[in-house]
Amino acid sequence: MGVGRNDPCPCGSGKKYKQCCERSKLPQATTASPGIPLLLRQASAHMEARQWPQAEARCREILAVSPQHADALYLWGTMALQLGNHATAADLLGKAVAAAPAPGALMHLHRGIALRKLGRPDEAALSLRQALQLQPRNATAHFQLAMLLQLQGQLDAAVASYGKAVALQPDNADAWSNLGLLHLQAQRHGDAETCFRKALQAQPASAQIVGNLSALLQLTGKLDAAVTLLRQALVRQPGSIPLLSNLASALMARDEPAAAEALLRQAIALAPGAALHRRDLALALMLQGQMEASVEQLHQVLASQPADNVAFSHLLFALLYTPDTTPEQLLNAHRAYGVRFEAPFQSQTPQHGNDRQPQRRLKIGYVSSDFRSHAVAWLFEPVLAHHDQTQVEIFCYYNNAVEDAVTARLRAAAGHWRPCATLSDAELATAIRADGIDILVDLNGHTAGNRLLTFVRRPAPVQVTWLGYPGSTGLQTGMDYRLTDRFFDPEDVAARGYSEKVIYLPRWAVFRPMTDSPPVNDLPALGNGSLTLACLNSLTKLGPAVIALWAQLLHGLPGARLLIGNVSTEEARTRLLARFAAEGVPPERLELLPKLPLSAYLALHQRIDLALDPFPFTGGVTTYHSLWMGVPVVTLSGTTAVSRQGAAIMQGVGLPEFVTYTPQQYLGKIIELGTDLPRLQAIRQSLRERMAASMNGQQQARDLEQAYAGMWQTWCAS
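Here it is, written out as structure tokens:
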């Protein structure tokens with residue numbers, strides 16, 4: 024092992040060793056002895072030939088004669104640094120600096136590198152700044168200092184140092200890449216893309232840089248560009264497992280899960296033990312509606328990686344889609360998550376110094392990855408906008424790098440906005456404690472981007488889950504309450520479904536409609552004589568049982584057509600047509616439309632007479648949108664919370680007759696309504712008024728604040 028003259032320099036400059044820190048740049052010797060110059064040359068030659076024992080022997084010979092010989096100490100120190108012996112390197116280089124009458128920039132630079140790698144940041148920063156005083160245009164020193172500043176959280180200073188490094192050394196791919204990551208962290212997406220492209224130009228074969236750039240392109244909605252980039256990279260490196268994985272991720276984001284599945288199976292064949300690829304495969308299967316296969320893959324992941332909380336959350340989410348899963352089975356599975364991930368914290372009894380005054384103004388913290396154009400935001404914004412700031416002080420902890428117009432509105436309405444996507448669970452818990460939060464509210468449950476491992480650390484005295492997940496978190500000590508209503512969770516079944524104590528609100532949630540929504544039109548079937556049924560939910564919810572029942576429906580209503588939304592790729596179209604064909608439904612009975620922008624999506628309802636709720640995972644915000652546009656929804660209610668979501672919404676707007684409890688009732692109700700067009704027209708024209716009357720954000724905020732006050736008083740009295 025070792026570094027030759029034509030190898031990359033170990034200081035991280037990106038240059039060859041002979042062009043950067045080669046022996047010809049050694050500081051001048053400080054001790055004269057007839058044999059020492061020869062020994063130094065021999066030591067340097069041995070290092071270049073990677074003959075490390077011989078090089079060390081020559082250095083020892085010099086130091087035996089002259090213990091404070093700075094050049095020998097420096098030479099041996101850089102050798103130790105190259106070999107990864109950082110403690111030895113720091114010691115020897117420190118002695119070299121002390122021994123030299125005028126230590127050179129390279130002595131300070133290499134000592135700074137060794138100290139940084141030893142985790143001694145203050146000393147490292149001092150050495151690197153001393154190097155820069157001597158050589159202000161030393162690109163490597165700027166790069167090393169930037170890495171140190173980034174590690175210390177001094178991000179603006181790190182950006183400035185990286186900028187100096189790349190200005191002096193434009194081909195330093197690592198500096199460009201790290202600078203891009205800092206811009207990405209600060210939401211400067213354009214600057215981040217520029218940096219990643221500069222890094223890729225300097226190092227075209229780097230799968231890591233391609234991965235960073237493709238992730239950014241996906242984040243900013245440039246899915247086609249991400250796919251093209253990754254496919255081009257795979258032509259150069261056809262067996263690259265990271266590239267296969269990244270391309271699969273981009274294809275899933277582009278709604279091509281079958282293509283992603285093929286790539287992930289290829290990656291697993293190349294690296295059978297890579298649990299991450301198997302976890303992604305489970306997601307690809309889930310997106311194709313293959314829930315049983317997805318669950319099987321996730322069980323394999325957890326067998327080899329029991330601490331993979333993301334895989335466990337994926338598993339629990341997949342179980343919600345399984346028609347035969349009972350409330351007891353769901354609860355047991357969720358409790359198993361709590362047992363596994365709360366265990367490391369069971370012996371800790373967190374002490375909270377919050378002021379135990381029952382009537383004081385409370386600090387409420389909301390934690391979510393969905394403060395953006397997302398279903399949760401449609402339900403959360405009416406409450407956030409109407410919170411009584413004299414009674415509650417609001418903190419929003421946003422666990423996502425994506426920002427849009429909805430994010431801007433939520434940030435403006437929140438008293439305090441805390442981006443936390445880059446914080447670890449422990450760091451986020453510390454930040455929440457520092458803010459003095461009284462009641463911490465989870466808005467994710469087991470959906471993507473959740474921070475349940477922050478909640479297990481008990482950063483707040485009272486912890487609550489609400490809104491984002493139709494089920495329990497499974498946490499025994501990390502979550503105290505679940506907020507719901509009696510439509511969503513009737514008292515006789517709530518006890519079988521949750522590890523948390525259930526707190527009932529008059530309404531589980533209220534909905535914020537788009538302010539410039541299209542108007543409600545007359546029932547389309549009155550004009551065209553043909554009944555249009557529709558489902559605009561996620562395709563993931565359209566499992567085999569749903570398609571089989573809808574096929575029966577179409578056979579029973581020969582003049583009706585079924586419109587299905589979110590069919591954005593040829594892959595998805597082919598898959599759906601094949602599944603319906605297997606049930607005897609020809610393609611002309613179906614209209615498959617892609618995912619649309621919000622305004623066009625709402626206007627699409629003007630073509631729909633009656634909406635069909637999928638099952639067992641019924642619609643939420645999709646149902647609210649449908650009702651706002653005058654289209655009622657027939658729903659099939661079951662025994663689990665996820666299967667009662669549609670029922671809760673329909674009962675909440677005063678239409679309990681649209682709730683059915685068996686597949687035959689579901690079919691019968693749709694056929695009954697489909698043959699009574701005047702009734703559908705009357706309901707259509709009343710729905711927006713019904714919705715407006717029930718969607719009172721101000722009242723919802725008061726009800727929520729009252730619930731928080733009750734929880735707080737209970738804690739104060741405990």
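Here the sequence shown stands for residues 24 to 741, numbered as in the numbering used here.
Even glycine gets a Cβ: it sits at the ideal position worked out from N, Cα and C.
| query | result |
| --- | --- |
| For a quick check, are the C-beta atoms of G566 and I694 less than 7 Å apart? | no |
| Between the Cα of S591 and the Cα atoms of R358, R711, Y360 and A276, which residue gives the shortest distance? | A276 |
| Go to G203, then tell me how far its alpha helix (DSSP H) extends in each direction, as first and last residue. | A196 to Q208 |
| Quick one: is H322 buried, meaning 16 or more other Cβ sit within 10 Å of its Cβ, or exposed? | exposed |
| Could you check what DSSP says for G388 in three-state terms: helix, strand or coil? | strand |
| What did DSSP end up calling W440 once you bin it into helix, strand or coil? | strand |
| Given a threshold of 16 other Cβ atoms within 10 Å of its Cβ, counted over all protein chains shown, does V258 qualify as buried or as exposed? | exposed |
| Please go through the same chain and pick out, in chain order, the residues whose beta-carbon is closer than 7 Å to the beta-carbon of Q77, but skip the five residues on each side of it. | H69 |
| Note down, in chain order, each residue of its chain lying with its Cβ closer than 6 Å to the Cβ of L627, except the 5 sequence neighbours on either side. | none |
| Taking A571 as the reference, give the member of D545, F603 and N544 with the closest Cα. | F603 |
| Beta-carbon separation of A95 and C82 under 7 Å? | yes |
| What distance in whole Å lies between the Cβ atoms of G501 and R481, which are believed to be in contact at a cut-off of 8 Å? | 6 Å |
| Please classify A452 as buried or exposed, where buried requires at least 16 neighbouring CB atoms within 10 angstroms. | buried |
| Can you look up R505 in the DSSP assignment and give me helix, strand or coil? | strand |
| Have a look at A93 and L149 and give me their C-alpha separation to the nearest angstrom. | 20 Å |
| Whose CA, out of A123, S67 and A72, lies closest to the CA of S89? | A123 |
| Is the segment 537-546 close to the segment 512-520, with three or more CB pairs under 8 Å? | no |
| In whole angstroms, what is the alpha-carbon distance linking T101 and P144? | 19 Å |
| Rounded C-beta distance between A471 and S392? I'm assuming under 8 Å. | 7 Å |
| Could you check if D508 is buried or exposed, using at least 16 other CB atoms within 10 Å of its CB as the buried criterion? | buried |
| Which residues in the same chain as S741 place their Cβ atom closer than 8 Å to its Cβ, once the five residues preceding and following it in sequence are excluded? | none |
| Is G733 buried or exposed, if buried means 16 or more other CB atoms sit within 10 Å of its CB? | exposed |
| Quick one: using the 10 Å Cβ neighbour count with 16 as the cut-off for buried, is N269 buried or exposed? | buried |
| Quick one: what's A557 bridged to in DSSP? | L586 and A634 |
| Can you tell me whether Q729 is buried or exposed? The criterion is at least 16 other CB atoms within 10 Å of its CB, across all chains shown. | exposed |
| DSSP three-state call for T430: helix, strand or coil? | helix |
| Whole angstroms are fine: how far does the CA of G494 sit from the CA of E351? | 12 Å |
| Taking the alpha-carbon positions, what's the L615 to L287 distance? | 28 Å |
| What's the gap between the Cα of L306 and the Cα of A283? | 10 Å |
| Ends of the alpha helix (DSSP H) at V333? | N332 to L343 |
| Looking only at its own chain, which residues have a Cβ that is under 6 Å from the Cβ of Q736, when we skip the five neighbours before and after it? | P381 |
| Ordered along the chain, which non-local residues of its own chain (more than five positions away) have a Cβ less than 6 Å from that of A724? | V406, H409 and H410 |
| Measuring only the C-alpha atoms, how far is D278 from E594? | 8 Å |
| Contact defined as beta carbons within less than 8 Å: I believe V333 pairs with R363. What is the distance between those atoms, to the nearest angstrom? | So it is not a contact: roughly 13 Å between Cβ atoms. |
| For V324, report the span of its alpha helix (DSSP H) as first-last. | M314 to S327 |
| Could you tell me the alpha carbon to alpha carbon distance between G677 and A444, rounded to whole angstroms? | 40 Å |
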